[in-house]
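Novice: If you read the sequence shown in my numbering, its first letter stands for residue 563, the second for the next number, and so on.
Below you'll find the structure I mean.
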Amino acid sequence: MKPDLPQTLFLLNSTVLFTHQIDAAYWHEWNLFHLPGGNQLNLILNLPIIALVLLAFLQVATQSPHQRRCHQFLAGLGLLTVAIHSGFFLAGHTEFLQPMSLLLLAATLILSIAQLKALPLAGQNQQTQNQ
Numbered sequence: 563m564k565p566d567l568p569q570t571l572f573l574l575n576s577t578v579l580f581t582h583q584i585d586a587a588y589w590h591e592w593n594l595f596h597l598p599g600g601n602q603l604n605l606i607l608n609l610p611i612i613a614l615v616l617l618a619f620l621q622v623a624t625q626s627p628h629q630r631r632c633h634q635f636l637a638g639l640g641l642l643t644v645a646i647h648s649g650f651f652l653a654g655h656t657e658f659l660q661p662m663s664l665l666l667l668a669a670t671l672i673l674s675i676a677q678l679k680a681l682p683l684a685g686q687n688q689q690t691q692n693q
């Protein structure tokens with residue numbers, strides 16, 4: 563089965579967001595959030611987020627009736643990530659200013675918007691297959 567555009571966008575966006583989380587560990591992002599417990603709590607918090615993204619992808623890949631909400635969830639997570647980091651930049655934080663860090667955030671923004679714009683296609687594809 564060849565992935566359709568919404569599935570491809572979901573896969574790309576989740577890949578970029580997971581890679582951003584690797585970058586976040588490099589920058590010690592937990593310090594920006596003032597998390598008690600540092601990296602240990604950061605890892606604990608990432609477990610359910612990553613699990614939810616993978617579960618959402620399962621819904622998208624199997625064309626579940628919940629796939630539209632799953633697309634919205636991931637795109638929302640991407641837009642929230644960009645908004646949070648925009649706030650960090652405005653507050654004068656110098657983390658995440660390397661070219662790849664910025665590219666990951668820009669890609670997250672572009673892919674999240676594209677994913678939301680492709681949502682009607684996700685519904686149309688499901689309707690077409692049900693006929």
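From the three backbone atoms N, C-alpha and C, an ideal C-beta is built for every residue, glycine too.
Just to confirm my understanding: we take E657, look at its own chain, exclude 5 residues before and 5 after, and list those with CB closer than 6 angstroms. What are they?
Specialist: Counting from 1 along the sequence shown, the entry for residue 657 is found at position 95. Excluding residues within five positions, the ones whose Cβ falls inside 6 angstroms are W589.
Novice: Taking contact to mean at least 3 C-beta pairs separated by less than 8 angstroms, is the region 629–644 in contact with the region 657–675?
Specialist: The answer is yes - the region 657–675 touches the region 629–644, with three or more Cβ pairs under 8 angstroms.
Novice: May I ask which residues mark the beginning and end of the alpha helix (DSSP H) holding Q583?
Specialist: As a working note, residue 583 is residue 21 in the sequence shown. Here the alpha helix (DSSP H) through Q583 covers L567 to Y588.
Novice: Since I believe H633 is in contact with V644 (beta carbons under 8 angstroms), could you give me their beta-carbon distance rounded to a whole number of angstroms?
Specialist: The sequence position of residue 644 within the sequence shown is 82, counting from 1. The sequence position of residue 633 within the sequence shown is 71, counting from 1. Actually they are not in contact, since the Cβ atoms of V644 and H633 sit about 17 angstroms apart, beyond 8 angstroms.
Novice: Quick one, are the C-beta atoms of L574 and A669 less than 9 angstroms apart?
Specialist: Indexing the sequence shown from 1 puts residue 574 at position 12. Indexing the sequence shown from 1 puts residue 669 at position 107. Yes; because the gap between Cβ atoms is below 9 angstroms, this pair is in contact.
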